[in-house]
Amino acid sequence: MKSELIENRIIIWNIDDSRKLFGQGYYGKPIGI
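Residue numbers for the sequence shown follow full-length UniProt numbering, so the first one is 1 and each next one is one higher.
If you want it as structure tokens, here you go:
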């Protein structure tokens, strides 16, 4: 999965990839979802 480092955050722009990551137990903060 592709991501982008912006300042101190890693952003995953693809919504399907981000849902997959959250489904695997990643606890982060969704932005604009």
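In this text, a Cβ means the ideal position worked out from N, Cα and C, and glycines have one as well.
Nothing here was measured: the structure is a model prediction, and the numbers come from that model.
Here's the rule I'm using: 16 or more other beta-carbon atoms within 10 Å means buried, otherwise exposed. How should residue i be labelled?
{"i": "isoleucine 12", "result": "buried"}
Compare the C-alpha of residue i against each of the options and name the closest.
{"i": "isoleucine 31", "options": "Ser18, Glu7, Lys2 and Met1", "result": "Ser18"}
Leaving out five residues on either side along the sequence, give the residues of the same chain with a beta carbon under 8 Å from the beta carbon of residue i.
{"i": "asparagine 14", "result": "Met1 and Lys2"}
{"i": "isoleucine 10", "result": "Ser3 and Glu4"}
**Q.** alpha helix (DSSP H) runs wholly inside the UniProt domain "tRNA intron endonuclease N-terminal" (1-30), at least 4 long, in chain order
**A.** Those alpha helix (DSSP H) runs which fall completely within the UniProt domain "tRNA intron endonuclease N-terminal" (1-30) and span 4+ residues are 15-23.
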